[in-house]
Amino acid sequence: DVKVTQSSRYLVKRTGEKVFLECVQDMDHENMFWYRQDPGLGLRLIYFSYDVKMKEKGDIPEGYSVSREKKERFSLILESASTNQTSMYLCASSPNGLGKNSPLHFGNGTRLTVT
Amino acid sequence: AQSVTQLGSHVSVSEGALVLLRCNYSSSVPPYLFWYVQYPNQGLQLLLKYTTGATLVKGINGFEAEFKKSETSFHLTKPSAHMSDAAEYFCAVRSRGSQGNLIFGKGTKLSVKP
Chain A
2 DVKVTQSSRY LVKRTGEKVF LECVQDMDHE NMFWYRQDPG LGLRLIYFSY DVKMKEKGDI
62 PEGYSVSREK KERFSLILES ASTNQTSMYL CASSPNGLGK NSPLHFGNGT RLTVT
Chain B
2 AQSVTQLGSH VSVSEGALVL LRCNYSSSVP PYLFWYVQYP NQGLQLLLKY TTGATLVKGI
62 NGFEAEFKKS ETSFHLTKPS AHMSDAAEYF CAVRSRGSQG NLIFGKGTKL SVKP
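Set out below in structure tokens:
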């Protein structure tokens, strides 16, 4: 089974702090994704990556950056955390999906609170 | 742009009753379609997916969904609800030829009454 592991289940950070959310997958998937989930809004894509060292903006990239130095690891960075970034963050991975029907495999999420 | 609409943010059924969760997509070319389930404080788990072929798709936990091109729909059903089905359900689509991202609906929270 694919395993996507997010390093923290719960995080509490202060406004202005730099925050790192880490995600590791063990299935050699090319694609990795970061979503945020808010009540009534569903899942919204922040950033995604199709290969090491490459990244593409999703629908809501403002205030975030990402890093993918190794194939199995995809990090989400909040450069200066703000209260409106309090949310559930979900990492996902999939094999190369160009024209294919592979589903996304999700981690258990990180619930971030910014005070 | 591709979009997904889930009708009803909350659905409540009695145990043993039919579960029907609605999903409509906007695309002239049928996309790949997925249903996911999320239990409290967990990530999303794949229930089923439609790609090509048979329009009635069976998934885990007794759920199934039917792809109807004429209605641009992919509704999720289960003949008899169980208490353990209480969760949030998300419909998602991927455009054919896209590079992997899924577009999600806003979710439907299912409650099951004893």
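Residue numbers (my numbering), protein chains in the order written: chain A, 2 to 116; chain B, 2 to 115. Where is the CB? At the ideal position from N, CA and C, for every residue including glycine.
Query: Closest residue to isoleucine 47(A) among Gly108(A), Thr16(A), Tyr90(A) and Val20(A) (Cα-Cα distance); Result: Tyr90(A)
Query: Leucine 48(B) versus tryptophan 36(B) - alpha carbon distance; Result: 5 Å
Query: The segment 28-41 of chain A in contact with the segment 62-78 of chain A per 3-pair CB rule at 8 Å; Result: yes
Query: Selection from Leu44(A), Arg112(A) and Val5(A) that minimises the alpha carbon distance to methionine 33(A); Result: Val5(A)
Query: Backbone CA spacing between phenylalanine 75(B) and leucine 57(B) [nearest angstrom]; Result: 9 Å
Query: CB of glutamate 89(B) within 9 Å of CB of valine 38(B), strictly; Result: yes
Query: C-beta contact flag for threonine 111(A) and glutamine 7(A) at 9 Å; Result: yes
Query: Contact under 9 Å by Cβ, glutamate 16(B) with alanine 82(B); Result: yes
Query: Inter-residue spacing [alpha-carbon to alpha-carbon] between methionine 28(A) and phenylalanine 75(A); Result: 13 Å
Query: Three-way DSSP call (helix, strand, coil) for isoleucine 104(B) in this model; Result: strand
Query: Every unbroken beta strand (DSSP E) within the segment 37-91 of chain A, with a cutoff of 3 residues, ordered by chain; Result: 43-50, 65-71 and 74-79
Query: Close Cβ partners of arginine 23(B) (< 6 Å) along its chain, the five nearest in sequence each way excluded; Result: Leu8 and His76
Query: Exposure label - threonine 114(A); buried when at least 16 CB within 10 Å; Result: exposed
Query: Beta-carbon proximity list for leucine 22(A), same chain, < 6 Å, skipping 5 on both sides; Result: Leu77, Tyr90 and Thr111
Query: Rounded Cβ spacing between phenylalanine 107(A) and leucine 45(B) (contact assumed at less than 8 Å); Result: 4 Å
Query: For leucine 113(A), the residue or residues it bridges with in DSSP; Result: Leu12(A) and Ser88(A)
Query: Per DSSP, cross-strand counterpart(s) of histidine 11(B); Result: Lys110(B)
Query: Neighbour list for threonine 52(B) in chain A, Cβ cutoff strictly below 8 Å; Result: Asn102
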